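Residue numbers (the numbering used here), protein chains in the order written: chain A, 6 to 361; chain B, 12 to 1062.
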């Protein structure tokens, strides 16, 4: 006696969260059944392995049919084939677009191309995430990227509108898309200590302050591409380190303001020139795409590492950077048009980087 | 030109990509009705076209309106080649043809293609302007309402229940026409879908005409089936119960649509046809000589006295089990002479209803069934479907005679079915023989002197158990005792019925699903030999199924079966029998005895030990089941049982006495009250197997109950969560040389595993009950067995689960669409009669039972009988009214207490947090249930019948996920299409949903599969009780209370 056909169709589509997770994690039916058996479900319910097998198959089939709709979540809302309560729909979408920290760190900043897709094997081996799951996550990134790539308006809003993700997840995707678009290098060994959250934090601030959208909200790609004009303007910061007088003035302003407030004051005072040069050089180089990609590497090398070697406490870094950028305004020749600089160039990135 | 159909095509969405080059589609729409076709403009390059067409107007006869479906085809425009079809939508516009139902059909319909499935959706608006047609000779029957529900629909009141209507139409099956060789599968499928849609429309119209002839205005319990007879054609047949329904005035003004002016409580003037049998034109034609009829109209009723004695059982196996094979019972003339009941004049006093207004059902005799094996022959002239008509007429005649043998004048819970394999067809009909209260049936004038013969003061919930037949002239051996409830009338020891548990029945404990499963191998044979072989096997199958049912019932310590449905399926090399029913413990019936095992070789020690071991196991199981189902009947003191009961034996045979010997009768009388065990004799391995299989049935896990009736006896506090589902399994039998036993085991395992799977899948709903569990078996190929299950899981509140049976009965009363206005007409009637009611007229029972059982011309007795029975009736009514008055009061309290559980659909917490734009889905939730009600809600409007037929075919089976993937997707699509149609009608639920057919064929070698599904149900609008209360509270309590309690307390 063999089962040829075995199906269960509910008027309200049954979604088993545990099985959904197993499916998303890329387990085969037999692996999923084995894992479910191990979870002790048989003892709890008095079911047999055959029942479990049939149940798992059913759910997998349902998910397989739903997957097509999950690729365009608004379709899931409007489709008529599966009657799913809204809360469940949201759960399906949210979980489908959720990603693994380990995976996203591997592909963050990489071009979402076929080439990268070929590397998924290695990523799977490295992270222990099944290849199937890697593919899904990669395809999700790519799909979101493709849809919002050439769209107007806020990146987060666009993602939310087209993929119906929660605010949190939409922000994460915005960061992923932003990184992929600008190809920031995040995979270097030096950067390994940074989490996706750290990068996402940076991405959000950069989107707010460094992109076209920060200047004009009516252009294509506004949140994706860095504002070229702004990057060009950053070159002018060179004067801060090139002009000896300006450098000294800047230093004295910062030191006066921070005297007695910093635990590492003497180290700061000694290192000010180096630190300032490091920051300004990183900023000034951003007109070259290659250097944009290396932004995080450079920041870590030129700023974070010197601070770390002197054992700067986090709060001191924050105070220093705030004062560093605030003091610039008192310098001759710096007009308010460098508003980006206020929050942008210095403080967020390194601060967050140091924070780890 | 009595109707104008108007159609507007608004928009499409999610269309498939038809042009690979642009990844877009140039779509346009063809709208066809009858022979007229309109086209929209081509909407270029879009997957979401906005046609926003003008109104397409069709001027048509109402006959066409009823028959024809509106056909909408979506196509992709192609400049250089033929336009490609994307898919179709068939819309049945029948619901627009009666005034109270839907007024407009408007919404998104899935675009369906028989090869690709659903491909996007289309937004359509349909309206009908009907002109009044005064032509009395019309062929249409617009305005007759159809309901699948097998009880009086919730917001209606039955003025008259006219009776049985049937019709069948035949045609050639397009799949078997010569043209099929040259056309595409798609064209063939579409021809078939369209034909069946047309035939359904025609059938419904013809039935409607019969109803109009009977002066009815509705068909309740409408069941339409189609028989795919292959080469010999396609038969679409339907049965139903014609009624005159009256819309109940809605208590609240929140829904203007159902706010018909409040009806007075007076009886609606009766205006029926004095000669009601004019309706059944079809079967009344004399039998024609037709095809081979094997053992024509031979009854294979479950149990016959002869087989019982053969097996040396005690002579008191199940009564009610059936018609006992006595053709044309001897009691034919008995009751009939007394009664003027209009039933008598009807050709077939059958009712497809399974639940009845209170007081309708007087007595229940037992299950009657008939089967007949026929050889199919090509239908030569589709316009004269006489052969098929004659076949069914034969079967119905037989059912009628069985009912008569049981002393009953009517058959309720009646249904018909077929099983076809190649050219052999088994026709089956079954129902429950019953005595009905004629008040609902016909002329109110005769009512006064009608029989209520055995009726006492009708203590709640036992009247229907009392035997309708003469205990001295019993149609089959049964074991009678005095009713445990009223102690005045005789009841059988076991009662089998096909109906739902009557609302007023007193039940102890909970019920459970009981199934008997059986396979029999048969030799492959051709035509006549095959039919003969099947005919020969049938009686044995019936007998075994019945024995199994009886054993399992005893094992559950229960004494009655409701909703019994026995399905015999014929295949190439085997016959399958599957009986499902809901077992309950009726308080009125005696406590069932246990099962006693008797060995055959008592001298063998080890054997003896084995037997006693087995006996112990059985006893343990019974005890366990008693606990599980909470069956603790009150102990009956021996004195009551042993009290001298006046035996009307002196009056014995006055009529033609039949075969039963008098000593048998004596024996019966002597043995009453004792709880004799049911003896199972183990004389061979077969019997051993049987006992084993008895014990292998696993009870559902805790928190689960199951039944195949509308509601679970003993559970009454339903909460609002429901989940309807369909599950299909096909197994392939491994070995070619199977034995009966192995086959039985396979089949048994299949069913058990299926149930286990269901329990597992629905575990999150615990505590819950699977209601209306409907198993269908088919044998699509040699070694394949297909089982299809449709049921609904309903959650209930465990905390209130332990309510007394009393409130249970009350609640049930209300559930059954108790029309309280109707109750009020009793007192009026009684007053006008000015008849002082004697609650307990002395000694009337003897008189009554005596006289009613005999046609003795004893004048003095006759008068007294009439009097007593009438007084009797009055008093019983008073009792009933009292009871219901209480019910009403309690019911209304209950309603206010009812707390609506948060609907699972309404939870938007997640969304609130995430709050993405356009979160609101445009898709409304449509509930589906095989039940006639929705727990925790009140049905406010019936929008019309849903009757849909779909074919799906694939030539890329593997790519679609194999057979499971294919069928899974198809069933999901069918659900979606049903929901879309209901939503377009303005409804939010389908009740009495049934999947009547699911024919699945595969050819894995060719990577092909095909499936046909036929579903039906009633589209309704329901309102949650919680919402209802908010609206209805400001209403003056006095006026709205009685009429609104009925539906409200369903939770």
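C-beta atoms are modelled at their ideal positions from N, C-alpha and C, and glycine is treated no differently.
It should be emphasised that the depicted structure is a prediction, and the values quoted were computed from it without experimental measurement.
- Interface annotation, residue 13 of chain A: in contact with chain B, CB-CB separation under 7 Å.
- Boundaries cannot be given for residue 937 of chain B, as no alpha helix (DSSP H) includes it and DSSP labels it neither H nor E.
- Residue environment analysis places residue 992 of chain B among the buried positions, since at least 16 neighbouring C-beta atoms fall within 10 angstroms of its C-beta.
- One thing to note: residue 238 of chain A has its Cβ no nearer than 7 Å to the Cβ of residue 217 of chain A.
- With a cut-off of 8 Å on Cβ pairs, the region 243–254 of chain B is not in contact with the region 190–202 of chain B, counting fewer than three such pairs.
- At a beta-carbon threshold of 7 Å, the residues of chain A lying near residue 121 of chain B are 85, ordered along the chain.
- Under DSSP, residue 30 of chain B forms a beta bridge with B/35.
- Between the beta-carbon of residue 603 of chain B and that of residue 568 of chain B there is about 6 Å, and that keeps the pair under the 8 Å contact cut.
- Contact check for residue 258 of chain A against residue 251 of chain A fails: the beta carbons are separated by 7 Å or more.
- In this structure, DSSP gives residue 94 of chain B a state outside helix and strand, which the three-state scheme calls coil.
- Take residue 624 of chain B, set aside five residues on each side of it, and no residue of its chain has a beta-carbon closer than 7 Å to its own.
- Membership of residue 981 of chain B in the alpha helix (DSSP H) is indicated by the continuous run 973–995.
- Under the three-state reduction of DSSP output, residue 56 of chain B falls in the coil class, being neither helix nor strand.
- Around the beta carbon of residue 266 of chain A, a 10 Å sphere encloses fewer than 16 other beta carbons of the protein chains shown; the residue is thus reported as exposed.
- Between residue 418 of chain B and the set B/424, B/378, B/385, the nearest pair of CA atoms involves B/378.
- Against residue 587 of chain B, chain A offers no close residue; the least beta-carbon distance is about 14 Å (beta-carbon pairs closer than 8 Å).
- Residues of chain A whose Cβ lies closer than 8 Å to the Cβ of residue 741 of chain B are, in chain order, 8, 9, 10, 11.
- In terms of Cα proximity to residue 637 of chain B, the closest of B/565, B/580, B/618 is B/565.
- Among the residues of the region 77–109 of chain A, those with a Cβ less than 8 Å away from any Cβ of chain B are 79, 80, 82, 83, 84, 85, 86, 87, 88, 90, 91, 92, 94, 95, 96, 99, in the order of the chain.
- Around the beta-carbon of residue 194 of chain A, fewer than 16 other beta-carbon atoms lie within 10 Å, marking it exposed.
- With fewer than 16 other Cβ atoms from the protein chains shown falling within 10 Å of its own Cβ, residue 136 of chain A counts as exposed.
- Sequence-distant Cβ neighbours of residue 715 of chain B in its own chain, meaning closer than 6 Å and more than five residues away, are 770.
- For residue 530 of chain B, the closest C-alpha among the options B/233, B/126, B/978, B/762 is that of B/762.
- Spanning the alpha carbons of residue 947 of chain B and residue 436 of chain B requires a straight line of approximately 43 Å.
- Put simply, the region 195–207 of chain A does not touch the region 115–127 of chain A. Fewer than three CB pairs are less than 8 Å apart.
- In this model, residue 57 of chain B and residue 31 of chain A are separated by some 35 Å (Cα to Cα).
- Nearest to residue 131 of chain A by alpha-carbon distance, out of A/107, A/48, A/286, is A/107.
- Per DSSP, the beta-bridge partners of residue 119 of chain B are B/134.
- Across the structure, residue 980 of chain B and residue 169 of chain B are spaced so that their CA atoms are roughly 41 Å apart.
- Pairwise C-beta distances place the region 78–93 of chain B in contact with the region 43–52 of chain B, as three or more of them are shorter than 8 Å.
- Shown here for residue 186 of chain B: same chain residues with a beta carbon closer than 7 Å to its own, the five before and five after excluded, namely 199, 203 in chain order.
- Contact of residue 960 of chain B with chain A is not assigned, every C-beta pair being separated by 7 Å or more.
- Counting the other CB atoms within 10 Å of its CB gives residue 402 of chain B a total of 16 or more, which places it among the buried residues.
- Per DSSP, the beta-bridge partners of residue 427 of chain B are B/440.
- Under a criterion of Cβ atoms nearer than 9 Å, the residues of chain A adjacent to residue 936 of chain B are, in order, 17, 88, 90.
- Annotated three-state conformation of residue 504 of chain B is coil, per DSSP.
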